[in-house]
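**Student:**
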Amino acid sequence: MTERVQDTAPLLGGGAGEPGVEKHSRQLAKEVLSNLYDTKSAILGQAGLLVSVIYIYYHILQNPIILFSGHPIFNLAGIFILGEFILLVQPNPKSGEHKTFSGQLHGILNTLSTVSFGLGFFYIFYNKSIHGAQHITTWHATFGITTYSLLLLNMLLGVAQFWVPNLIFGSVNNGKRAYKYHRLLGYLTFLMLTLTVWLAIASDYNVNILHLKSYFLIPSLGLFLTVLFFRLQLHKVKFW
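First residue of the sequence shown: 1, per full-length UniProt numbering; consecutive thereafter.
1. Which same chain residues end up closer than 6 Å to F101 when comparing Cβ atoms and leaving out the 5 residues on each side of it in sequence?
2. Helix, strand or coil: which one does DSSP assign to V21?
3. Would R231 and P91 be called neighbours here (beta carbons separated by less than 8 Å)?
4. Does the Cβ of G170 have 16 or more other Cβ atoms within 10 Å, making it buried, or fewer, making it exposed?
5. From this set, Y123, A141 and L193, which residue's C-alpha is nearest L150's C-alpha?
6. One question on the structure: do Y123 and G83 come within less than 8 Å of each other, judged by their Cβ atoms?
7. Report the option in K176, H135 and F190 whose CA atom is closest to the CA atom of L152.
8. Kindly indicate which three-state DSSP category L67 falls into: helix, strand or coil?
9. So, under 8 Å CB-CB, F143 and L195 are touching, yes? Tell me the CB distance rounded to an integer number of Å.
10. In the structure shown, what three-state DSSP assignment does W198 receive?
11. CB-CB under 6 Å to T114, same chain, minus the five flanking residues each way: which ones, in chain order?
12. Determine, using beta carbons only, whether L112 and N35 come nearer to each other than 8 Å.
13. Mapping the DSSP letters down to three states, classify L212 as helix, strand or coil.
14. From this set, G78, Y215 and G186, which residue's C-alpha is nearest S116's C-alpha?
15. Give the single residue among F224, F229, Q233 and V207 whose Cα lies nearest to the Cα of I60.
16. If we count the other Cβ atoms within 10 Å of its Cβ and call it buried at 16 or more, is P64 buried or exposed?
17. First and last residue of the alpha helix (DSSP H) that includes V115?
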């Protein structure tokens, strides 16, 4: 019976007024947030992500902060937040209350990452525009604009599914059926983000200023990516 409720409950439950949600909020928070550190795979993933973020920020801050610096600074913040909220929903929440809390927190973090990526895009677009430079002339830029598009698409899909399923999909049940697409697109997006970061190693900004090393950044981000896919629940994204 418990499993039936888990698989059929709305992803955001019945809201904050649902009996027991406020009473157990601290315990729920502890249990949901434990997904970030409660297993060896989660710890390994966190290590890979944190090492990558600290490594890149260290090299950025070792140089003068210029207008262009906003691009990697905010994109990196978005990647970190995105990685955290993907880990947050692995594995599947234990109950309707857990789905409510994790779904709401997932939405908050998603909003923060979207703002960060939006600022990252603004800085690169504005910097190129004021200097009369061409846009999208490298593989890094091509993967980057594709990833921004995927981020926007998946954010809209998540908002539609979580907050207005009746309006967009016709019913809550139809909205829940779209979850596998939202989840799968999230993994694809993070894969694209990782590839975009790796391609940035060959960018002029890195070659001339940051000097990030591929032999360090590829394994560290690769570790986090491996953990994400290792923890992926395939039965939640199957299409048959």
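Beta carbons: idealized from backbone N, C-alpha and C, even for Gly.
**Tutor:** In this structure, then:
1. What you label residue 101 is simply residue 101 of the sequence shown in a count that begins at 1. Contacts found: L28 and V32.
2. Taking the sequence shown and counting its residues from 1, the one referred to as residue 21 is at position 21. Note that V21 scores 45 on pLDDT, short of 50, meaning its location in the model is unreliable and no value can be drawn from it.
3. The residue you call residue 231 lines up with position 231 of the sequence shown. The residue you call residue 91 lines up with position 91 of the sequence shown. Judged by beta-carbon spacing, P91 lies within the 8 Å limit of R231, meaning their Cβ atoms are closer than that value.
4. Locating residue 170 in the sequence shown gives position 170, where the first residue counts as 1. The residue is exposed, with fewer than 16 neighbouring Cβ atoms inside 10 Å.
5. As a working mapping, residue 150 is identified with position 150 in the sequence shown. Ranked by Cα distance from L150, the options Y123, A141 and L193 are led by L193.
6. Residue mapping note: residue 123 aligns to position 123 of the sequence shown, counting from 1. Residue mapping note: residue 83 aligns to position 83 of the sequence shown, counting from 1. It is not a contact, given that the beta carbons lie outside the stated cut-off.
7. As a first step, residue 152 is located in the sequence shown; it is residue number 152 there, counting from the start. The shortest Cα separation from L152 among K176, H135 and F190 belongs to F190.
8. As a first step, residue 67 must be located in the sequence shown, where it is residue number 67. Here L67 sits in helix by DSSP.
9. One-based indexing of the sequence shown puts residue 143 at position 143. One-based indexing of the sequence shown puts residue 195 at position 195. Indeed they touch by this definition, with Cβ atoms about 6 Å apart.
10. Taking the sequence shown and counting its residues from 1, the one referred to as residue 198 is at position 198. DSSP, read as helix, strand or coil, puts W198 in helix.
11. Position 114 of the sequence shown holds residue 114. For T114, where only same-chain residues beyond five positions count, the Cβ hits under 6 Å are M155.
12. The sequence position of residue 112 within the sequence shown is 112, counting from 1. The sequence position of residue 35 within the sequence shown is 35, counting from 1. In this structure, N35 does not lie closer than 8 Å to L112 by Cβ.
13. As a first step, residue 212 is located in the sequence shown; it is residue number 212 there, counting from the start. Coil, per DSSP.
14. What you label residue 116 is simply residue 116 of the sequence shown in a count that begins at 1. Ranking G78, Y215 and G186 by Cα distance to S116 puts G78 first.
15. Residue 60 sits at position 60 when you count from the first residue of the sequence shown. The shortest C-alpha separation from I60 is found at V207.
16. Here the question's residue 64 lines up with position 64 in the sequence shown. Classification for P64: exposed.
17. The sequence position of residue 115 within the sequence shown is 115, counting from 1. Run containing V115: G96 to I130, per the alpha helix (DSSP H) assignment.
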